[in-house]
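Here the structure comes first, spelled out in structure tokens, and everything after it is commentary.
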Amino acid sequence: MARTVDIKQLETFAAPVVAGLGYELCDLEWKHEAGGWILRLFIDGPSGISHEDCVRVSRAVSAELDLADPIAAHYSLEVSSPGLNRPLRAEQDFRRFLGQRARIRTLSSLGSDNPRRNFAGTLRGAESGKVRIDVDGTEFEIDLVAIEKANLEYEY
4 MARTVDIKQL
14 ETFAAPVVAG
24 LGYELCDLEW
34 KHEAGGWILR
44 LFIDGPSGIS
54 HEDCVRVSRA
64 VSAELDLADP
74 IAAHYSLEVS
84 SPGLNRPLRA
94 EQDFRRFLGQ
104 RARIRTLSSL
114 GSDNPRRNFA
124 GTLRGAESGK
134 VRIDVDGTEF
144 EIDLVAIEKA
154 NLEYEY
């Protein structure tokens with residue numbers, strides 16, 4: 004039986020705790036996996052994330068969750084780095100990584116000549132609720148609200 008939680012409420016609850024420790028909450032997942040329910044937080048910081056950073060955030064968020072008790076189900080809390088393919092969600096995320104490669108998937112197809120949902124290229128701009136990405140010499144402008152998923156794309 005799936006236990007529903009309000010992801011937005013959990014983000015609203017966890018983000019200030021994470022920010023108060025000097026980190027950024029990049030993403031949050033609520034998933035059922037082999038061992039049960041998992042609340043997974045992905046955090047980032049100006050100089051990356053260490054194991055000690057994850058432990059520090061885990062302890063602080065866990066204490067706050069215990070007090071507020073917003074989740075009725077039994078679960079495990081995990082805190083980790085967003086990894087090389089860091090998710091991009093807010094306009095400031097896109098601005099922070101201008102000039103880097105990213106992959107963007109939109110909610111529906113964009114464009115009339117050659118409609119597409121997937122864009123992989125270099126981030127060129129992020130302002131006024133729009134993101135610009137250069138894909139093989141062609142620049143596309145995408146509304147943030149039209150983005151289903153976006154991640155940095157690590158270059159080997």
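In case it helps, the numbering used here puts the sequence shown at residues 4 to 159. Just so you know, even glycine gets a beta-carbon here, dropped at the ideal spot from N, CA and C. Small disclaimer: the values here were computed from a predicted structure and weren't measured.
Along the chain, where does the alpha helix (DSSP H) containing Glu142 start, and where does it finish? Locating residue 142 in the sequence shown gives position 139, counting from the first residue. Looking at the DSSP string, Glu142 is not in any alpha helix (DSSP H); the run it does join, the beta strand (DSSP E), is 141-146.
Between Ala153 and Ala129, what straight-line distance do the alpha-carbon atoms span, to the nearest angstrom? By 1-based counting over the sequence shown, the position of residue 153 is 150. By 1-based counting over the sequence shown, the position of residue 129 is 126. Taking the Cα positions, Ala153 is about 13 Å away from Ala129.
Pick from Ile145, Tyr78, Val82 that is closest to Gly114, judged by C-alpha positions: By 1-based counting over the sequence shown, the position of residue 114 is 111. Of the listed residues, the one whose Cα sits closest to Gly114 is Ile145.
Taking the C-alpha atoms as reference points, what is the distance between Leu87 and Ala123? If you number the sequence shown from 1, residue 87 lands on position 84. If you number the sequence shown from 1, residue 123 lands on position 120. Their backbone Cα atoms lie some 15 Å apart in a straight line.
Beta-carbon contacts of Leu101 that lie in its chain and below 8 Å, excluding the five residues immediately before and after: Residue mapping note: residue 101 aligns to position 98 of the sequence shown, counting from 1. The residues are Leu126, Arg127, Gly128, Ala129.
Using the rule of at least 16 other Cβ atoms within 10 Å of the residue's Cβ for burial, across every protein chain shown, is Ala17 buried or exposed? In the sequence shown, counting from the first residue as 1, residue 17 sits at position 14. In this structure Ala17 is buried. Its beta-carbon is surrounded by 16 or more other beta-carbon atoms within 10 angstroms.
For Leu70, three-class secondary structure by DSSP: On the sequence shown, position 67 is the one that residue 70 refers to. Note: Leu70 maps to helix in three-state DSSP.
Please classify Asp116 as buried or exposed, where buried requires at least 16 other C-beta atoms within 10 Å of its C-beta. On the sequence shown, residue 116 is found 113 positions in, with the first residue counted as 1. Taking a 10 Å sphere around the C-beta of Asp116, we find fewer than 16 other C-beta atoms and assign the residue as exposed.
Does the region 72-92 come within contact of the region 49-61, defined as at least 3 CB pairs closer than 8 Å? They touch, by the three-pair rule.
In angstroms with no decimal places, state the Cα-to-Cα distance between Ala66 and Ile150. Residue 66 sits at position 63 when you count from the first residue of the sequence shown. Residue 150 sits at position 147 when you count from the first residue of the sequence shown. Rounded to the nearest whole angstrom, the CA to CA distance from Ala66 to Ile150 is 34 Å.
Can you give me the start and stop residues for the alpha helix (DSSP H) that Ala18 sits inside? Here residue 18 refers to the residue found at position 15 when the sequence shown is read from its first residue. Judged by DSSP secondary structure, Ala18 falls within the alpha helix (DSSP H) whose first and last residues are 10-23.
So what's Glu36 in DSSP terms, helix, strand or just coil? Against the sequence shown, residue 36 aligns to sequence position 33. In this structure, Glu36 counts as strand in the three-state DSSP scheme.
With Leu162 and Trp33 assumed to form a contact (beta carbons below 8 Å), what rounded beta-carbon distance in angstroms separates them? Given that the chain is displayed from residue 4 to residue 159, the structure contains no residue 162 and the question cannot be resolved.
Run of the alpha helix (DSSP H) containing Asp116, from where it starts to where it stops: Locating residue 116 in the sequence shown gives position 113, counting from the first residue. Taken as a continuous stretch (DSSP letters only), Asp116 belongs to no alpha helix (DSSP H), as it is neither H nor E.
Phe45 in three-state terms, based on DSSP: Your numbering for residue 45 matches position 42 in the sequence shown. The answer is strand: DSSP assigns Phe45 an E or B state.
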